[in-house]
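Residue numbering for the sequence shown follows my numbering, starting at 243 and increasing by one per position.
Here a beta-carbon is modelled for each residue, glycine too, at the ideal position from N, C-alpha and C.
Shown next, in structure tokens, is the structure this report addresses.
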Amino acid sequence: MEPTPEQSPHHAYPDHWEADVVLRDGGTARIRPITTDDAERLVSFYEQVSDESKYYRFFAPYPRLSDRDVHRFTHHDYVDRVGLAVTIGGEFIGTVRFDRINEQGRPASAPADEAEVAFLVQDAHQGRGVASALLEHIAAVARERGIRRFAAEVLPANNKMIKVFRDAGYTQRRSFEDGSVHLTLDLEPTEKSLAVQRGREQRAEARSVQRLLAPGSVAVIGTGRTPGGVGRTVLRNLLASGYTGRTYAVNRAFDAGPATLDGVPAHRSLGEIDEQVDLAVIAVPAHRVPEAVADCGEHGVQGLVVLSAGYAERGAEGRELQRELVRQARSYGMRIIGPNAFGIINTAASVRLNASLAPESPARGRIGLFTQSGAIGIALLSGLHRRGAGLSSFISAGNRADVSGNDFLQYSFEDPDTDVALLYLESLGNPRKFTRLARRTAAVKPVVVVKGARHSGSAPPGHAVPVSRIPDATVSALMRQAGVIRVDTVTEMVDAGLLLAGQPLPAGPRVAILGNSESLGLLTYDACLAEGLRPRPPIDLTTAASPQDFRDALAEALADGTCDAVIVTAIPWVGEDGEAETGDGEVLAAALRKAAAGGAAKPVAVVHVEIGGLAEALAAAAGTAAPRPGTVPPAARTRAHTASPTGPATPARPHSPTGPEASTPSGASAGPEAGTAPDSPTGPEAATGPEITADSGRIPAYPAAERAVRALAEAVKYAQWRRQAAVPGKIPEFLDDTIDEPGAAALIEAQLATAPDPRGRPLTHDEARELLGRYGIAVRPTLPAPDPGAAVAAAARLGYPVALKTTAPHLRHRADLGGVRLDLADEEALRRAYGDLTDLLGSPAELLPVVQAMAPRGVDTVVRASIDAAAGAVLSFGLAGAPSELLGDTAHRLVPATDRDAAELIRSIRAAPVLFGWRGSAPVDTAALEELLLRLSRLVDDHPEVVSVALEPVVVAPQGLTVLGASVRLAPPPARGDLGPRRLPNY
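Shown next as structure tokens:
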């Protein structure tokens, strides 16, 4: 909305303050600045507020607003006086305003840094988190305008408002004066306020997805009168799935009057339906979608699944239609799955919803599935069904205009019916948020991701997202840091999902291999070595082995404390008549399942070749099988949640990692002190009344050894990450004593003040040295050498031996081209090297030579930090030269990095053995290298204006290190949406 000419031209309407938010109950609303055009809306809003709420706002009976009130509350300068409104359907449901005041509480202007704040929320919308969302946004606005504190007067009886302030997490002071409670809030975000904000975000976004997946009633808009067509197909699938709610068919072409279609009420519009409709599935042409959305919004529909195509996948015009669709739906408080979606499925017994184009609803299971592609969704549903796996929920988001993979992670985190989250993603709308949510979710349940469109350099059609400059290998490394199991294909996703959903996590990489084929056992052994596992020599049961032999061997392997997982290999066995017997898969499956059920909590996988019925029998639910000692079957996991005062509820942890440091000698699961989650279900109460699903007691079967081993290797790496994540890393306190953050901030401010270019500027060598020095990063000085005499003078000042280097851009860090001369011990050697350099490569004006004191010998490395617009600040490390530049052997971590991140960073490159004494060389000082990484991480985290740093080379010696070169670039800090108030993205 635009301001009127009455408003100051100095302070234009701040459209960046507009935001869509998800409220506590999962509905959406819009927050925006109040303008002079809102007078009628304000009056109408105030008339709907109760007398009690008005009394709490004005401390006296105040039945109506005067013209002067309306003028004051709608005319703002957006600096000293600001008002925000929350709207649904274009109407106000809540407001907040602040007025800047001085120390005496009188109206003031900057530099006064305190403001008086007041809220008013319509009674019908109280309890939905409206005031909490408003406080987050008005606080962000105030900080932007230089206000550091809010003051508020609240009547003692206004407990709701007092609670809003108390629970926000800001530092506050409270006093009782003249019959009211005087509150002062410091607006600087705190660790607690950020945790509160993210906890509210998680609960609200999870609830918004839950409303879509568990509606009490569904209307299919666009249901054809004749069989066939998208709408009629969805209606048929809804009925076939046994949906427990009410179903309606809607099509404006239906005849007037009462009618039914496929046994459900048929109506021309939602207005004809007397009852509440929670979810609408829209299957009409794109040009008719706005009419259907308006009908839904006006009749209180909570969410939409838009199957219609013809949006952003068609180009710029379709992209604008898609944005308008989202704006329209959110204006009514509705969230959207789609457009161009395949649909949604929820297999919970209380819902049984199949509002999708999938003809057969999957069996009930413990896997949640999200996909941005309908075609991939079909393939995944088919693959999981073919292998006997069940799903808890399924969302095919199509163009992902609103509900995204981030929302699905929010939902999966606390969904008690989901043990494993599988996501096929073609784009990441908010990578920083995705990483944060994935890390939290992976701490309690596995998250498996396939990332499509990895090398196209652009988002897929229909996906409008920030463009990331970082390569896919970096994205993969950052996902690994967050605990995400990143796989390359949907087949690998299914393979990993089956193992994780039906089996406990492995305690380590030690693998027992047994079977009736020596060759298949050897293939499995080789595959284990290739994946970094530690296989034991395969146990050959011979082709004459019976199912009982398999059972005994598996039971023995599970009881062996020297192995952490078992892979069973099986080929058809030969009968007495010499014929291969392929029809006894059910018998072998029963034997294996009995052994697994009675053994220790270790994962078991089966590799089989053409054994009829084996995979199906292994995948069948094992409701009568006894749980393994010390474990709980997947179907009998607790649904209890532990409340957290500052964050979201903590769900049960079905995949508590175990290991040598987290296991009892007998191999049974240890208690919380050994690394398992304190609320992991144990004891009789956890194993009673099991709920049988498709994943209960299943043993995954694979047609190739490589696939089984790869899935197991991913489980091993994930379990190790879980054990480490249970004790998070930290930033050493000693850094605080050697870091001058205010001094660095002053330098950055001064340098940016001299750069009129909004893209910022690179720092000179001396400027970079000074800035890095504020963070304890010493860069060895260089002195210019424009002629031989200057080189000799520089060497005398620095002390021999010295190095002579060119700094021309085309020769920088290119020792292979002869631009560097080392170990020059005296003036004669320096003059000779200077002459050789200029004779070979060009004049001093071209080469820009410098002289630098020699550093102790060591390993040359490269340390970098950069800010990507999409992913955020990234810390990188590699060996200098060919390893990183030619082979791409570079590791990455997100900033801020902890001590554990720094240690893992230098050990995760393939060339890491060079740092630790490879082939008899002296190990270098990795502790000093880790400290350097932590200091650089701290610099870019403290000062987002530092958009790029490269330390090259960093020579790491057996004792200490030397930074020989540094380049730094400053620019105005990019927007950090992940640190601001909650808001939905606008794609």
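> Of all Cβ atoms in chain B, is any one closer than 9 Å to the Cβ of V1021?
Replying inline: In summary, chain B is missing from the structure at hand, where a single protein chain is found.
> If you draw a straight line from the C-alpha of T278 to the C-alpha of G505, how long is it?
Replying inline: 52 Å
> Can you name the start and end residues of the beta strand (DSSP E) that I404 belongs to?
Replying inline: Run containing I404: none in the beta strand (DSSP E); it sits in the alpha helix (DSSP H), N401 to D409.
> Within this structure, are the beta carbons of S634 and A590 separated by less than 9 Å?
Replying inline: S634 is a Cβ neighbour of A590, given a cutoff of 9 Å.
> With 16 other CB atoms within 10 Å as the buried threshold, where does R776 fall?
Replying inline: exposed
>> Does S615 come out as helix, strand or coil in the three-state DSSP assignment?
In response: coil
> Since A352 is in the beta strand (DSSP E), which residue starts that stretch and which ends it?
Replying inline: No beta strand (DSSP E) holds A352; DSSP gives it neither H nor E.
> Between the region 1115-1135 and the region 718-727, do at least 3 Cβ pairs fall closer than 8 Å?
Replying inline: yes
> Going along the chain, which unbroken runs of the alpha helix (DSSP H) with 4 or more residues stay wholly within the region 1007-1064?
Replying inline: 1007-1015 and 1030-1040
> Roughly how far, in whole angstroms, is the beta-carbon of S603 from the beta-carbon of G585, given that I think they are within contact range, below 8 Å?
Replying inline: Not confirmed; about 11 Å, so no contact.
> Looking at the unbroken beta strand (DSSP E) that takes in A327, where does it start and where does it end?
Replying inline: R323 to I330
>> From the DSSP secondary-structure annotation, give me the bridge partner or partners of T489.
In response: Answer is V460.
> Between S1179 and the rest of its own chain, which residues show a CB-CB distance below 6 Å, the 5 nearest in sequence each way excluded?
Replying inline: L1117, V1137, P1138 and A1139
> Are V383 and L1226 close, meaning C-beta to C-beta below 9 Å?
Replying inline: no
> Should S1126 be labelled buried (16 or more other beta-carbon atoms within 10 Å of its own) or exposed?
Replying inline: buried
> In whole angstroms, what separates the C-alpha of L1212 from that of G1120?
Replying inline: 23 Å
> Is the CB-CB distance between P789 and A833 below 9 Å?
Replying inline: yes
> Going by alpha carbons, who is nearest to L1014 out of N400, A1124 and R1177?
Replying inline: R1177
>> For I276 and A327, which I take to be in contact (beta-carbon distance under 8 Å), what is that distance rounded to the nearest angstrom?
In response: Indeed they touch by this definition, with Cβ atoms about 5 Å apart.
> In or out: T873 buried (at least 16 other Cβ within 10 Å) or exposed?
Replying inline: Summary for T873: the model assigns pLDDT 40, below 50, so the residue's position carries little reliability; its value from the coordinates is reported in the next sentence. It is buried - the Cβ of T873 has at least 16 other Cβ atoms within 10 Å.
> Roughly how many whole angstroms lie between the Cα atoms of E289 and L503?
Replying inline: 44 Å
> Any idea if N401 is buried or exposed, counting beta-carbon neighbours within 10 angstroms, 16 or more meaning buried?
Replying inline: Per the 10 Å Cβ criterion, exposed.
>> Using C-beta distances below 6 Å, list every residue in its chain close to L670, excluding the 5 sequence neighbours before and after it, in chain order.
In response: Contacts found: F676.
>> Going by DSSP, what residue range makes up the beta strand (DSSP E) through I579?
In response: Looking at the DSSP string, the run of the beta strand (DSSP E) that includes I579 is R577 to I579.
>> Going by C-alpha to C-alpha distance, which of S550, G539 and A857 sits closest to G464?
In response: S550
>> Just to confirm the assignment, what range does the alpha helix (DSSP H) spanning N596 have?
In response: Boundaries for N596: no alpha helix (DSSP H) harbours it, while the beta strand (DSSP E) harbouring it runs L595 to S598, taken from the DSSP string.
> Nearest CA to the CA of L235: which residue from L1005, A534 and R1099?
Replying inline: Within the shown structure, residues of the chain are numbered from 243 to 1229, placing residue 235 beyond reach of any answer.
> Could you give the distance in angstroms between the alpha-carbon of D319 and the alpha-carbon of A254?
Replying inline: 8 Å
>> Which of the three DSSP states is assigned to I587 in this structure?
In response: strand
> Quick one: what's got a C-beta closer than 6 Å to D1184's C-beta in the same chain, skipping five residues either side?
Replying inline: If we look at D1184 and ignore the five residues flanking it on each side, its Cβ neighbours are E983.
>> Could you give the first and the last residue of the continuous alpha helix (DSSP H) run that contains L860?
In response: For L860, the uninterrupted alpha helix (DSSP H) segment begins and ends at L856 to A861.
> Can you list the alpha helix (DSSP H) stretches of 4 or more residues lying completely in the region 1064-1108, in chain order?
Replying inline: 1069-1083 and 1086-1089
> At which residues does the alpha helix (DSSP H) containing A769 begin and terminate?
Replying inline: E760 to A772
> Starting from K693 and walking both ways along the alpha helix (DSSP H), at which residues does that stretch end?
Replying inline: No alpha helix (DSSP H) holds K693; the beta strand (DSSP E) holding it covers V689 to K693.
>> If contacts are defined as beta-carbon pairs under 8 Å, then I813 and N758 qualify, I think. What distance do you get, rounded to the angstrom?
In response: 6 Å
>> Restricting to Cα atoms, I'd like to know which of A955, Q439, P601 and R577 is closest to G470.
In response: P601
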